[in-house]
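Data first, discussion second: the structure below is written as structure tokens.
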Amino acid sequence: MIDLLIIVTLSVLLAPVAMWVDGPLRVALGVPFVLFFSGYCLVSALFPRKGVIDGIERVALGFGLSIALIPLIGLVLNYTWGIKSVPIHVSVFSVIVVLAAIAAWRRWQLPIEERFNPELKEKLAQLTLGWRTGGPWDKLLTVVLLVAIVGAIGVTVYVTQTSPKGEDFTEFYILGPEGKAANYPRNLMVGQEGSVIVGVVNREHDPMDYRIEVTIDGEEVKKINSIFLEHKEMWEQNVSFAPVRSGTGQKVEFLLFKSGTVPYSDVHLWIDVEEVPL
1 MIDLLIIVTL
11 SVLLAPVAMW
21 VDGPLRVALG
31 VPFVLFFSGY
41 CLVSALFPRK
51 GVIDGIERVA
61 LGFGLSIALI
71 PLIGLVLNYT
81 WGIKSVPIHV
91 SVFSVIVVLA
101 AIAAWRRWQL
111 PIEERFNPEL
121 KEKLAQLTLG
131 WRTGGPWDKL
141 LTVVLLVAIV
151 GAIGVTVYVT
161 QTSPKGEDFT
171 EFYILGPEGK
181 AANYPRNLMV
191 GQEGSVIVGV
201 VNREHDPMDY
211 RIEVTIDGEE
221 VKKINSIFLE
231 HKEMWEQNVS
241 FAPVRSGTGQ
251 KVEFLLFKSG
261 TVPYSDVHLW
271 IDVEEVPL
């Protein structure tokens, strides 16, 4: 069970890093949390018995199944709490803990001699013995492999630290009333208010002052002035609009301005509007 205990312990330590820390440290420590731990725990739950697959296959399947699990978690979040940093990492952590518990329970159901056990001490002893008894070519290949791994890690860290800052841009989006990319208002009466959540995220690496205009078929119906955001700061707010005339296929447009009179970005939806019954 030592492998599952190590993974759960590391998950407790790495989850906050993956959520809140920026830079190379986040990449180096967050990758195993997101792209390996959940898949390895699933493999352990599916194959609690030793001898069915070996250690290398478990590691390879761990990466593969993690890559398959993450999109499924994202799909579920899209229809629940939304695809955001905190819900994603909390969900991944929860999946890891649940799968690790299932894997541990399945192993406990087997006789001790049939349970999978990574036997870390034995593996280390085998590696040490192999180094001592191996020929010069074996030792040379081992050294070359280790140097290549260390070099790859070093190059990755160097590129991450010395590369220029990312592209400057602003995220601009609309969500349905429940905070998901669904259930937008589509059918309204004249004068009836529709509502969406409008979001702005500053990725400009500088403080920005935004404004938003809402139009229906080119006619302004609402304006939101002075949305001041620091770099990486997010603004979300319910924004309502009410059509003033009937007609199908009316375009509700949300225009984001950074400065001047030319919109920086725009998003839109289409509505059908009916007259109020007499």
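The opening residue of the sequence shown carries number 1 in my numbering; numbering runs sequentially from there. Beta carbons: idealized from backbone N, C-alpha and C, even for Gly.
Residue i, DSSP secondary structure in three states
i	result
Leu61	helix
Lys50	coil
Val252	strand
Asp272	strand
Ser240	strand
Ser259	coil
Gly39	helix
Val12	helix
Leu141	helix
Glu213	strand
Asp3	helix
Val34	helix
Val190	coil
Gly135	coil
Ser265	strand
Start-to-end residues for the beta strand (DSSP E) that takes in residue i
i	result
Arg245	It is not in any beta strand (DSSP E) - Arg245 carries neither H nor E in the DSSP assignment.
Glu219	Glu219 to Leu229
Phe169	Phe169 to Leu175
Asn183	Note, Asn183: premise wrong, no beta strand (DSSP E); not H, not E.
Leu278	Unbroken run through Leu278: none, as it is neither H nor E.
Beta-carbon proximity of residue i to residue j, cut-off 8 Å
i	j	result
Arg106	Ala45	yes
Phe47	Ile53	yes
Gly30	Lys180	no
Val273	Gln237	no
Asn202	Arg211	no
Ile7	Tyr40	yes
Tyr264	Thr170	yes
Phe63	Leu35	yes
Val252	Ile216	yes
Ser195	Pro207	no
Val3	Pro111	The displayed chain sequence assigns Asp, not Val, to residue 3. In this structure, Pro111 does not lie closer than 8 Å to Asp3 by Cβ.
Ile271	Asn187	yes
Glu204	Asp168	yes
Arg49	Glu114	yes
Met234	Ala104	no
Nearest-angstrom beta carbon gap, residue j and residue i [assumed within contact, 8 Å]
i	j	result
Val221	Val276	17 Å between Cβ atoms; not a contact.
Val200	Leu256	7 Å
Ser11	Ile70	About 14 Å; that fails the 8 Å criterion.
Tyr173	Val267	6 Å
Phe92	Leu65	The question names Phe, but residue 92 in the sequence shown is Val. About 13 Å; that fails the 8 Å criterion.
Lys223	Glu230	No, Lys223 and Glu230 are not in contact; Cβ-Cβ is about 23 Å, not under 8 Å.
Ala60	Phe33	Ala60 to Phe33, Cβ: 18 Å. No contact.
Pro87	Leu77	5 Å
Residue-level contact to chain D via CB, residue i, 8 Å cutoff
i	result
Gly30	As a matter of chain content, chain D is missing from the structure shown, which is built from one protein chain.
Original post:
What are the uninterrupted segments assigned as alpha helix (DSSP H) that are 4 or more residues long and contained completely in the region 72-111, given in chain order?
Top reply: 85-108
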